[in-house]
Structure formats: C-alpha cells, structure tokens
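Q: One line per chain: the protein sequences are A and B, in this order. Just so you know, we're using our numbering here: the first sequence kicks off at 173 and counts up by one. Just so you know, we're using our numbering here: the second sequence kicks off at 57 and counts up by one. Just passing along the structure, written as structure tokens.
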Amino acid sequence: MSQDKIDILQRALKREREARKAAEKILEQKSTELFSSKKKLEKLYKDAESDLQRADSQLQGVFENIVDAYVIMDLSGNILKMNTSAISLFEFDGKKVEANLMNMVFPEDYDTISNAFKNFLKTGFITDFEIKIRSKKNKIKLVHINASVIYDKGIPVAAQGIVRDITKSKEDELVIELINSIAQSILGKLDIYEIAFEIAHKIANYLESNDCVIYLYHEEQNTLEQIAAYGEKLDENKQLINKIFLKEGEGVVGHVAQTGISEIVNDTINDPRYVVDIERRKSEITIPIKIGDKVIGVIDSENDQENFFTQKHLEMLNNIASLVALQLKSAVDLRERKKAEEELIESEERLSTLILNLDSGILLEDENRKIILTNKQFCEFFEIPVPVEQLIGQDCSNSAEESKSLFQNPEEFVKNIETILSKKELVLSEELTMVNGKIYERDFVPIYRNKVYKGHLWKYRDVTLKRQYRKSIEAQRHKYRSIITNMNLGLVEVNANDEILLVNQSFEEMSGYKLEELLGKIASDIFIIDIDRDIINNENLKRQQGQLNSYEVRAKNKAGQIRHWLISGAPNYNLNGEVIGSIGIHLDITDLKNLQLQKETLLKDLERSNDELHEYAHIVSHDLKSPLRSIYALVAWLKEDNEGKLDDMSLKNVALIESTLEKMEQLISNILKYSSLEAASTQREEVNLNEVVSDLEQIIYIPNHIKFNIKKKLPTLTGDKTKLQQLFQNLIGNAIKFCDKKNGLVEVDFKNSGAYYQFSVKDNGIGIEKKYHKKIFKIFNYLNKSEDSSGIGLSIVKKIVELHKGRIWLESEVGKGTTFFFSIKKQLI
Amino acid sequence: MKGIVFTEFLELVEEKFGFETVDEIIEKSDLKSNGVYTSIGTYDFSEMLQLVQHLSAKTTISIDQLLLVYGEHFFSVLETNYPSFFKLYTDPIEMLASIENHIHVEVIKIYPEAELPTFEVVERAENSLIMIYKSSRSMHHFGLGLMNKTFEHFNSKATIVLEKIKADGTEVKFSITKN
Chain A
173 MSQDKIDILQ RALKREREAR KAAEKILEQK STELFSSKKK LEKLYKDAES
223 DLQRADSQLQ GVFENIVDAY VIMDLSGNIL KMNTSAISLF EFDGKKVEAN
273 LMNMVFPEDY DTISNAFKNF LKTGFITDFE IKIRSKKNKI KLVHINASVI
323 YDKGIPVAAQ GIVRDITKSK EDELVIELIN SIAQSILGKL DIYEIAFEIA
373 HKIANYLESN DCVIYLYHEE QNTLEQIAAY GEKLDENKQL INKIFLKEGE
423 GVVGHVAQTG ISEIVNDTIN DPRYVVDIER RKSEITIPIK IGDKVIGVID
473 SENDQENFFT QKHLEMLNNI ASLVALQLKS AVDLRERKKA EEELIESEER
523 LSTLILNLDS GILLEDENRK IILTNKQFCE FFEIPVPVEQ LIGQDCSNSA
573 EESKSLFQNP EEFVKNIETI LSKKELVLSE ELTMVNGKIY ERDFVPIYRN
623 KVYKGHLWKY RDVTLKRQYR KSIEAQRHKY RSIITNMNLG LVEVNANDEI
673 LLVNQSFEEM SGYKLEELLG KIASDIFIID IDRDIINNEN LKRQQGQLNS
723 YEVRAKNKAG QIRHWLISGA PNYNLNGEVI GSIGIHLDIT DLKNLQLQKE
773 TLLKDLERSN DELHEYAHIV SHDLKSPLRS IYALVAWLKE DNEGKLDDMS
823 LKNVALIEST LEKMEQLISN ILKYSSLEAA STQREEVNLN EVVSDLEQII
873 YIPNHIKFNI KKKLPTLTGD KTKLQQLFQN LIGNAIKFCD KKNGLVEVDF
923 KNSGAYYQFS VKDNGIGIEK KYHKKIFKIF NYLNKSEDSS GIGLSIVKKI
973 VELHKGRIWL ESEVGKGTTF FFSIKKQLI
Chain B
57 MKGIVFTEFL ELVEEKFGFE TVDEIIEKSD LKSNGVYTSI GTYDFSEMLQ
107 LVQHLSAKTT ISIDQLLLVY GEHFFSVLET NYPSFFKLYT DPIEMLASIE
157 NHIHVEVIKI YPEAELPTFE VVERAENSLI MIYKSSRSMH HFGLGLMNKT
207 FEHFNSKATI VLEKIKADGT EVKFSITKN
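Below is the structure:
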C-alpha cells in the first residue's frame, strides 16, 4: 500500500471518526432536549388533573345550591337527578319522583321539541330554548332552558340542563313590548283605519285569541261602526267581513259604549246581550276607548273558550285603550276635517267649472265692488280682452263708465247701474240693447249674509236670438193668420171627435154661421146632408189614419141652401205625433158646379141645332135645285119653241140665263157638299197619296204651258180618300187656274213634321195680297170672278184639313206666285 | 444543505471513481467542515458546489452530467428511506406534479430548515407535464435525474426536454411527455 493511499485512508478514517463524533454529539443534544420536554409535559398533566378535580367538586356544589332548577334526564326525558329549585319549579311533592319531562309539554309543541332535541343531540348543547310546560299542579309556565349532552365514551347517554321559570318576566316583557309596539305602530299614523288595524292586530296577538274588532262610535247617529279587525273577521284582502253597525246599547259592545265601563263576559250563552258576529264564541272582553268620559270607540275580542279572559287582560286592554284614545280621536277629527275639505273643494271646483262655462255672463262683486268671480261669457259680452283669472280682485267702480259705449243708451246704462247699486234690491230680466244690435237680459242679485250686505251678482244673458226668433215667429204667425183669415177658402179645424175648434172668416161667410155658433159642434151634423154622410164618415176615417184627402160633398148652409163643397183635409198632429184632429180647407164650388151643368145643357142644345141646321141646309139645297132644273128646262123649251124667231140679242140673253142657272146649280151643289163635310162621315183608311195625285192628273186638265211636278214620292196615311182627293184637286186646280205665266209651274212637296206631314202646293201664278190671306178660307169669298169658281173651294180645303187635325196657311207674293202649306196628322184616330 | 446529500454524494464518488478521487476533491476544496459529514448534520451549499466542481475538473465530466447521475442515485436513497411516499402515487406524472404542493410540504415538516427549489406546474395533461424549476442552486440536472428514476420506478418511460429560461440555470422549463 502506497504512502499516498495510506494517507488518503488515514484522512478518510479521520473524517469518518469525526463524523461519527459529530453525529453522536447531535444525538446527545437531541436526547437531552427530549428529556426536558418530557419532564415539562408530566408536570402539565398533573396540573391539569388537579384543576379538573377541583373544578368538578366546585361544579357539584354549584349545581346543588344553584337558584335555578338543575335537571339531569335520560334521553327519553325521564328525570334522573334534580335540585330543590327544580322540584319547586315542576311542583313535585318530594325529591324522589319518577317523572318524564316530555309529559309536561303541550302537544302542540311536540314538533318544536322534536326538532330542538335532534339539533341538541347533534351539537351537544342547547341555549335559550323557551317552552311552555304544565307543572305537576297544572300550572302553565314558560321556561327557559340551557342544556348539554352527557356522553359516556363518546356516546350520548343523558342530558343535563338549567331550567328557569320566565313566566312572569315573559308576561311583563310582553306587556311592555305590546305597549311599546302599539305606541310605535300608531305614532305618526293619521289614517284611522290603519291605526285601528294596528291596534286590533297587536291586541289579538297579545290575547292569543285570533280575534279583535275595533269599533268607532258615531255620536250623531248613535251607532258603533266596525272599522278594523284581526283574524277571522278579515278576508284575504284584509277587508272586513260582515261589517256590522251596532246601535248604542246593542250587544255587549253597545252596552260598554253606553256605560263606558270595560267588561269580561265569561260565558256568552248566559248573557242575553251577546250579538253573534261571524260565529258564536264562548267568552268576550270589551273595552271602551274614552277621552275623559266620552266614549269614542270600543275594543272587542272573543274566544272559543269559556273563562278565557283574565282580569290582567282587562287591565292591559284598559291601558292600551287609554294609550290609543287620543291618537284615534285626532285621526277621526282629521278624517272628518279632510272629508269636509275635500267635499268643499270638490263642490267649489264643480261650481266654478259650471260658472266658467255658463252661457250667461256672470260677475260676482264683493261689498267693495271687487270682483270675486266672473266667467268667459261675461268677458265676451263686455269685450274684455283679458283672461278671466286676471279679473279676479279688480275694482269695478268705474267699469260701467268704461263699457257704456257698448250700449245703445250709454248714459242711461250708467245711471241705471248706479240706481240699482244704491237700492241693493233684486232686479230681474232687465233688457239692454247694445250698439251692435244685441239684446242682453240682466239680473241683479244682492247678497246678504246675516242681513249684512256682502256684495252682489250680475247676470247677463244674450237674448238677441230669442227675441229675433220670437219676432220672426210672431211675424210668421201674423202672416199665416192673415192668409187664413183672408183666403177665399173656408178653414175648419176639428178635434178627433169632429168637434169644431176653429173656423176662419171665409168659412163663416161660406156657411152663414158665426164662429161662436159653431165652436164645439159636430161639423158633419150641422152641414152634411144625410145622403152624403157616408162620404164624410169614410173620409174622416181616412184622415184619422193620417191620410190626406180631397172630396166633394153637398152641404147645407145656415139659410138651408144646398151648396157643393170641395173639402181638402189633412190630419193634425200633436207634439208626440199623435192625430188629434184635422184641418179642412173648404171651397164652395156650387157656382162652378152650376156652370158645368149649364155647359153640358148648352152642348146638347148646340148639337141638336147643329143637326137641324145640317138637315136644313141639305133640304134647302135639294129643294132649291128642283125649281132651278125646272127653270132650266123651261128656258130650253122656250129656246126650242122660238127657234129662228128670236133675235140675236134674245138668244144671247137666253144663253146668259143658262150659264147663270149653271152657276146657281154649282153653288147649290157646293153648299150641299160643304154641309156634308162632317167629322162623323169621315172615313179612316190607308190612303196612298201618290195614287190620289196620279188619278187627279187624269181628271184635271193641265195646259201644255204649265209644268206639273211632284218633287218626291208622297206618303201613305190614314184618312178619307175622297176628301183628300178633293183637297189636292182644289189646291192644284187653283194653282193651274190662276197661272198667268208663259211657263207655268205647279209643284207638290211634303216633309215630315213630328206627328204630321206638312205638304205644300206651290205655283208661280198671280199671287195673293197679304190682306186676303185669312179671308180666302171663308165661304163664298172669291177674289177673282171667274166662271168656274164658286168661292167655296178653299173653305172646303180648310175644312178637310181640319177634319184631318191639321191646319192650313200660305205664303204669297203678288205676281210671283203662291205656296199653300197644310199639315195632316199621320195617324188619324 | 442536509448532510445526507453530502454523505450520499461522497459514497457515489467513491463507488464510481475510487476513494482517491473522494480524497482529492475534499483536499482541493476549501471546506468549512473539513469534509467531515454526517447525514443528520447540516452544511453549507458552497461546499457541495466546490466538491462537484473539483470532481468535474478531475473527471472532465460536466457538472450537469454529474448532477444527473447523482440525482439518479439519490432516488434510490429516497426509495429506501421514505417508501411510504411512493405508495401514495400510482403514476409518475401525478407524482411529479405534486412535488411542490405535497412532497416538498412533507419535506419541510421533517426538515424545517431545508432550502428547496420550486416546481411550478404550467400545464398538465394525462400524459404530459410542463413545470418551471426555480432555484438559486441551479441543480436542475439533479432534478432531471430524480425524474428519470421516477418513471423507471413506475415502469414507465418519458421524454423530458429541458430548456433554460435563464442562462445561469436558476430558471428552467421541464417538458415531460410520457411515452
């Protein structure tokens, strides 16, 4: 082994040795520390043990001699150990008793206890636990418990606790609490119902009776009103159920209100005063709420148990009653005041709105003529351009002067106001006419309070329209009255029974009766003759059904003459639309009726004489013809017998006789023809005028120098063919006859003209002077003495045209020609 | 620093490099304790520093490598002395994650004066763990050695990536992924 290695090993060994020593030193040090620690611990343990022992014995003494009850029980509630305080608390007879604490509690508290016990076992202790118990001697006590669990090797085996009787202190506490809480809850409250509810609520809780009603006494009505309650008297909205009013003296409550003395009724069944509210309960406590001797309300509570309420309750409630009395009173006063104020404000508001919007102008002044009240209408009447509110308080002393210019008689207006104001007497409906034409009506109402003048009220109404209406109604009435009076028609107003109410002057004249004679009489009885009575009854009936009618009757006037009356009737209605009678307009048509009768007679006469005339004309013309023929024959014989004997002159005269006779014959024929042109004999048939005219062309000789022209195809119409042929023959014949031109022209034309055809026959002949245009149509009027003109042709033409419902006229210029126009009805019926 | 760290270290040096090396590094170092160490004593950390530095110089193995090996060795010491610790865990990740909150708390109970590094868990998943190592000692590779052995103990393997957050190695991030 080299020295190096030896050195190394030696060093290593040395280091190891030193290391061991160091380690040993550390260990030694540690063990010393451990030893001293152990010593200390031993001492501490001893101290603790002796402390424990001392404390134990101390505690034992404390529990034995403690003022409070000390109880040890097993976990089922059986008492294992207790001190003397406990014995007296639970009212046991001796120290050695077997009792279970669970038997002392009330069944209703089982749940509470069960929960508390569970918690107690879990946490090991319980503090401030309060519970009601029934002592051995049946006394109800409220106890306060602090307790802890006793464990044996970690397992709970028993419980120990200190029990304190807090029945009395709790009661005192409750009383103070109640008083306090009532005082607090009603303090500052002004609503009577709220206050009463609080009181009821608090008292019901205190009494544990779940019932309390507060009554308010109304002195003026002598009644007691339920104003608040608690418990079954409230519905889910906290509103009173079966709210009753009691008369003073009615029920226990009414009685207490009367006497002012609080009462307990232990058994309501035996108290005749008892009034059932919601349900019958066994006992009742009733306390008056008084201020001095005056009852203002009543507190009332009831309970299902007999003898429930105690003297203590009574004292308590008396205290409460006196506590709340003042507050309740002031709330009642406040309520009344408020109610009155609200009503006042409301009615004032209503009134002022009413006044403001009134259609009369209102001005209320106080005794110093300051404006208290006015309205819009007033401002409008007096053209005051400021808002109504600004006028309040203004002085009116000068206002009459200021507004006088609005009036038609300004000075009179001012003077009048002064007079009224000085007299201070009621003035109604004075009429004032304004410059602008309006008429105001004014009332002045002085206001006296306790016979002292306090101001006055001016009231202006615009009666312009009313006046105008009245005037115009008056005017209308006047108008109609004068129409009725002066009209030529008789007016009769009757009621539903046909009794005459009114007749006008014309009717008086018509009937010959005066109004006085007719009033109230049955119209039909007086006037109508029996045979027409049916008509009247029938028409009256129609009128009552609301129909207008018009009819003729024969009536008898005062003189007994029968007159024909045309009556137009209309029903008369009242405002409700009911028929109350009728108004009849009467027209005496007797004269008219007579005229009509005359006319009819005349017509008949005329017809007869016409016929006679016709016959006569026929006979005359016929009779005239035969002597004419005889003359003609005699002249022919004369000429024949004297042939060759008669000189030329005689022959010429004979020829003249003959031609004159011919003319005579023709005249008579034409008269015969004319007189036979009668409507009665006029045929109605289809007539083709083209045929008529072409036939004529064969009959009439048309010289070569005259051109006959039909301008267009003529129509077919209904009429008398022969007569129409005569018509055309006469006109065309005339046209040809009176042609003086080298190149004559006759033209026939027509045109449509409504229900007529208008024909024309035109020539370029000699023409007719204007003055003859009418004359030529008259019989025997001929202008030109010509051998072949009888002077009767155009009158026949005119008659034929008229028989065909047409007319005839002409246009002509002398020397140039004539056009005859005539119209013929297309359909002759 | 607890004496056991020194005694175990010197035993390992003796086992690997012979007692001559042990003697040499003690002699070369200026040690307040003169190289006398008992496992129940407490010694200055600078002495360990000197010993490791001289060993590194002598063997030309880096200090980190030395500490890694030492860490791996030290794990067995812990396994022997504190087996109850290992029974608490069934999973290496779980164990490593609880260094700070559980293991070191227990260590402090036994060695109230122990100066311990902190391992702050940044991210943890079922099979991976990221922790920040912080210590003025910069002995992160000692820690790495312990970690390697931890996986071995639970018959598991892991890839552990080590990143220096501070160049002097006082703050290092370990990213551990279980294979």
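Glycine is no exception: its CB is placed at the ideal position from the N, C-alpha and C atoms.
1) Mind checking whether residue 359(A) and residue 342(A) have CB atoms under 7 Å apart?
2) Report the residue ranges of all beta strand (DSSP E) runs contained in full by the segment 59-121 of chain B; include only those spanning at least 3 residues, in chain order.
3) Taking 8 Å as the threshold, find out whether the segment 214-229 of chain A comes into contact with the segment 298-314 of chain A through three or more Cβ pairs.
4) Going by alpha carbons, who is nearest to residue 910(A) out of 638(A), 417(A), 466(A) and 875(A)?
5) What's the C-alpha gap between residue 322(A) and residue 210(A)?
6) For residue 497(A), count the other beta carbons within 10 Å of its own beta carbon; 16 or more makes it buried, fewer makes it exposed. Which is it?
7) Closest by CA to residue 843(A), which one among 293(A), 793(A), 815(A) and 809(A)?
8) Taking buried to mean at least 16 other C-beta atoms within 10 Å of its own C-beta, is residue 398(A) buried or exposed?
9) What would DSSP say about residue 397(A), mapped onto helix, strand or coil?
10) Quick one: residues in its chain with C-beta nearer than 8 Å to the C-beta of residue 987(A), no 5 flanking neighbours on either side, listed in chain order?
11) Could you spell out the range, first to last residue, of the beta strand (DSSP E) harbouring residue 980(A)?
12) Based on DSSP bridge pairs, tell me the residues matched to residue 355(A).
13) With the cut-off set at 7 Å, would you say residue 112(B) and residue 99(B) are in Cβ contact?
14) Would you verify that the beta carbon of residue 183(A) is, or is not, closer than 7 Å to some beta carbon of chain B?
15) If you reduce the DSSP assignment to three classes, tell me which class residue 998(A) lands in.
16) Would you report the Cα separation of residue 216(B) and residue 84(B), rounded to the nearest angstrom?
17) Please report the straight-line C-alpha distance between residue 1013(A) and residue 159(B), rounded to a whole angstrom.
18) Is DSSP giving residue 820(A) helix, strand or coil here?
19) When the distance is taken between beta carbons, is residue 595(A) closer than 7 Å to residue 625(A)?
20) Would the C-beta of residue 759(A) count as close to the ligand MN, meaning under 6 Å from any of its heavy atoms?
21) Taking residue 349(A) as the reference, give the member of 240(A), 378(A) and 453(A) with the closest Cα.
22) Using 8 Å for Cβ pairs, my map puts residue 936(A) next to residue 916(A). What's the rounded Cβ distance?
23) Any C-beta of chain A within less than 8 Å: which residues of the segment 74-88 of chain B qualify?
24) Determine the closest residue to residue 206(B) out of 232(B), 228(B), 227(B) and 195(B), with distance taken between C-alpha atoms.
25) Cβ of residue 753(A) within 7 Å of Cβ of residue 721(A)?
26) Spatial neighbours of residue 134(A) within its chain, please: CB distance less than 6 Å, with the 5 preceding and 5 following residues excluded, ordered by chain position.
27) For the segment 191-213 of chain A, which residues have a CB atom closer than 8 Å to at least one CB atom of chain C, in sequence order?
28) Just mark residue 959(A) as buried or exposed, buried being the case when its beta carbon has 16 or more other beta carbons within 10 Å.
29) So residue 305(A) and residue 276(A) are in contact, right, with Cβ under 8 Å, and what is the actual spacing, rounded?
30) So which residues on chain A does residue 96(B) lean against when the C-beta distance must stay under 8 Å?
31) In whole angstroms, what separates the C-alpha of residue 246(A) from that of residue 301(A)?
32) Going along chain A in order, which residues have a C-beta closer than 7 Å to the C-beta of residue 92(B)?
33) Where does residue 332(A) fall in DSSP's three states?
34) In whole angstroms, what separates the C-alpha of residue 204(A) from that of residue 253(A)?
35) Would you give the residue range spanned by the alpha helix (DSSP H) that residue 600(A) belongs to?
36) Hey, is the segment 972-982 of chain A in contact with the segment 59-68 of chain B, meaning 3+ C-beta pairs nearer than 8 Å?
A: Reading off the structure:
1) Residue 359(A) is not a Cβ neighbour of residue 342(A), given a cutoff of 7 Å.
2) none
3) no
4) The residue with the shortest Cα to Cα distance from residue 910(A) is 875(A).
5) 33 Å
6) Taking every protein chain shown into account, the CB of residue 497(A) has 16 or more other CB atoms within 10 angstroms, so this residue is buried.
7) 793(A)
8) buried
9) strand
10) Apart from sequence neighbours up to five positions away, the residues of its chain that approach residue 987(A) with a beta-carbon distance below 8 Å are 938 and 939, ordered along the chain.
11) Here the beta strand (DSSP E) through residue 980(A) covers 980-985.
12) Among the bridge pairs identified by DSSP, residue 355(A) is matched with none.
13) no
14) Residue 183(A) counts as touching chain B.
15) coil
16) 35 Å
17) Shown here, chain A extends from 173 to 1001; a query on residue 1013(A) therefore has no answer.
18) helix
19) no
20) The model on display carries no ligand, and the ligand MN is accordingly not part of it.
21) Nearest option by C-alpha distance: 378(A).
22) 7 Å
23) 75, 76, 78, 79, 82 and 83
24) Residue 206(B) has its Cα closest to that of 232(B), out of 232(B), 228(B), 227(B) and 195(B).
25) no
26) Nothing about residue 134(A) can be read from this structure; chain A reaches only from 173 to 1001.
27) The displayed structure is made up of protein chains A and B, and chain C is not among them.
28) Low per-residue confidence applies at residue 959(A): pLDDT is 49, beneath 50, and the placement is therefore not dependable, though the value from the model is reported in the following sentence. Answer is exposed; the Cβ neighbour count stays below 16.
29) 4 Å
30) Simply 195, 198 and 199.
31) 18 Å
32) 187, 190, 191 and 194
33) Here residue 332(A) sits in strand by DSSP.
34) 52 Å
35) No alpha helix (DSSP H) holds residue 600(A); the beta strand (DSSP E) holding it covers 599-605.
36) no
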